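K.L.:
Starting off with a structure, shown below.
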Amino acid sequence: MKKFSELSLYRKMLSMFLFIFSYVVLITIVFILPISIDRGATLASCLSFGATLYAAVVAYLLLDNWKVQHRTNLKSEYLQKTFDKYIELKDSMIELQNLHDYWKEDIYRNHGEIQDFEDGGLIKKIFEVQQHLQELKSKFHYYSLIFKDQSYKQKIDELKDELDQLLQPILVECHEREGVVHNSEHLNNAENLKSKLPKILEKYDEDLIELMSSKIVLR
5 MKKFSELSLY RKMLSMFLFI FSYVVLITIV FILPISIDRG ATLASCLSFG ATLYAAVVAY
65 LLLDNWKVQH RTNLKSEYLQ KTFDKYIELK DSMIELQNLH DYWKEDIYRN HGEIQDFEDG
125 GLIKKIFEVQ QHLQELKSKF HYYSLIFKDQ SYKQKIDELK DELDQLLQPI LVECHEREGV
185 VHNSEHLNNA ENLKSKLPKI LEKYDEDLIE LMSSKIVLR
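Taking the numbering used here, the leading residue of the sequence shown gets 5, the next gets one more, and so forth.
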């Protein structure tokens, strides 16, 4: 991307040089030299004016190019950090979807001797997913405000809606029953998450990665 930007800048500079040089020479030959007394000095002055004008145009092009590059670098750095947040969310979702198997192994090792209202860490893992999701949502929200791009916010809002529909009922039930939910119900919820979370992750994973990677500049 950097090489492409530099090539585009060089093309603009060359185009402006040819345009300004041709325009100055044309005006000088057609309008100025015919009424000039010292044609050599007049031609030199006109070329000097053209050089000054070109220098001003080049300065503007360089400033404009710097602004574009600076904005590109800001987006890249921001999304690199955001990508780290997404990996944290993704890891927490994978841990949650694997919780059912881990808990079944614990039950087997303990010969089925577990407390009636033990949740196997289900509620804690759900809270972890929601925390990482909120952090990622905030990063995308601020990105949309800073860089005026709503596509990121829209995608993370869609992911949040689906995860909330899946996870929130479990938390609401646990809250309404003041945590008195039998372990068999928690185990069924964990089994349900095991089957549904991979589908949600598969649905959004590629799009989110593509959105972020498209703006990340590799150095």
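Every residue gets a Cβ at the ideal spot worked out from N, C-alpha and C, and that includes glycine.
Note that this is a predicted model, so its numbers are computed, not measured.
1) Counting C-beta neighbours from all protein chains within 10 Å, is the total for Gly-44 16 or more, i.e. buried, or is it exposed?
2) Should Phe-8 be labelled buried (16 or more other beta-carbon atoms within 10 Å of its own) or exposed?
3) Do you know how far the Cα of Ile-41 is from the Cα of Leu-67?
4) To the nearest angstrom, how far is it from the Cα of Glu-195 to the Cα of His-179?
5) Taking the straight line between their C-alpha atoms, what separation do you get for Lys-203 and Lys-219?
6) By the 10 Å Cβ neighbour count, where 16 or more other Cβ atoms means buried, how is Trp-70 classified, buried or exposed?
7) What is the DSSP secondary structure of Phe-25, reduced to helix, strand or coil?
8) If we call anything under 8 Å between Cβ atoms a contact, is Leu-103 one with Gly-116?
9) If you follow the alpha helix (DSSP H) that Gly-44 is part of, which residue opens it and which one closes it?
10) Taking the alpha carbon of Gln-172 as the point to measure from, which residue in Tyr-208, Phe-21, Leu-149, Lys-128 has its own alpha carbon closest?
11) With 16 other CB atoms within 10 Å as the buried threshold, where does Leu-18 fall?
12) Under 7 Å Cβ to Cβ from Gln-101, same chain only, skipping five residues before and after it: list those, please.
13) Using DSSP with H/G/I as helix, E/B as strand and the rest coil, what is Phe-8?
14) Go ahead and pull the three-state DSSP assignment for Ser-217.
15) Measure from the alpha carbon of Val-133 to the alpha carbon of each residue in Ile-39, His-74, Leu-57, Ile-91, then state which is nearest.
16) I think Phe-121 touches Val-185, with their Cβ atoms under 8 Å apart; what is that distance to the nearest whole Å?
17) Out of curiosity, what's the CA-to-CA distance linking Ala-55 and Glu-10?
18) Excluding the 5 residues preceding and the 5 following His-136 in the sequence, name in chain order all residues of the same chain whose CB lies nearer than 6 Å to its CB.
19) Where Lys-79 and Phe-151 are concerned, what is the direct C-alpha to C-alpha distance, given to the nearest angstrom?
20) So Val-221 packs on Asn-77, CB below 8 Å; how close in whole Å?
P.N.:
Taking the definition as stated:
1) exposed
2) Bear in mind that a pLDDT of 48 at Phe-8, under 50, signals an unreliable position, so the number given afterwards is only what the model happens to contain. Looking at its Cβ environment, which holds fewer than 16 other Cβ atoms inside 10 Å, Phe-8 is exposed.
3) 40 Å
4) 20 Å
5) 26 Å
6) exposed
7) helix
8) no
9) 43–113
10) Lys-128
11) exposed
12) Leu-197, Lys-198, Leu-201, Pro-202
13) Confidence at Phe-8 is low in this model, with a pLDDT of 48, below 50, so the placement of that residue is unreliable and no value is reported for it.
14) helix
15) Ile-91
16) 6 Å
17) 22 Å
18) Glu-92, Leu-93, Ser-96
19) 8 Å
20) 7 Å
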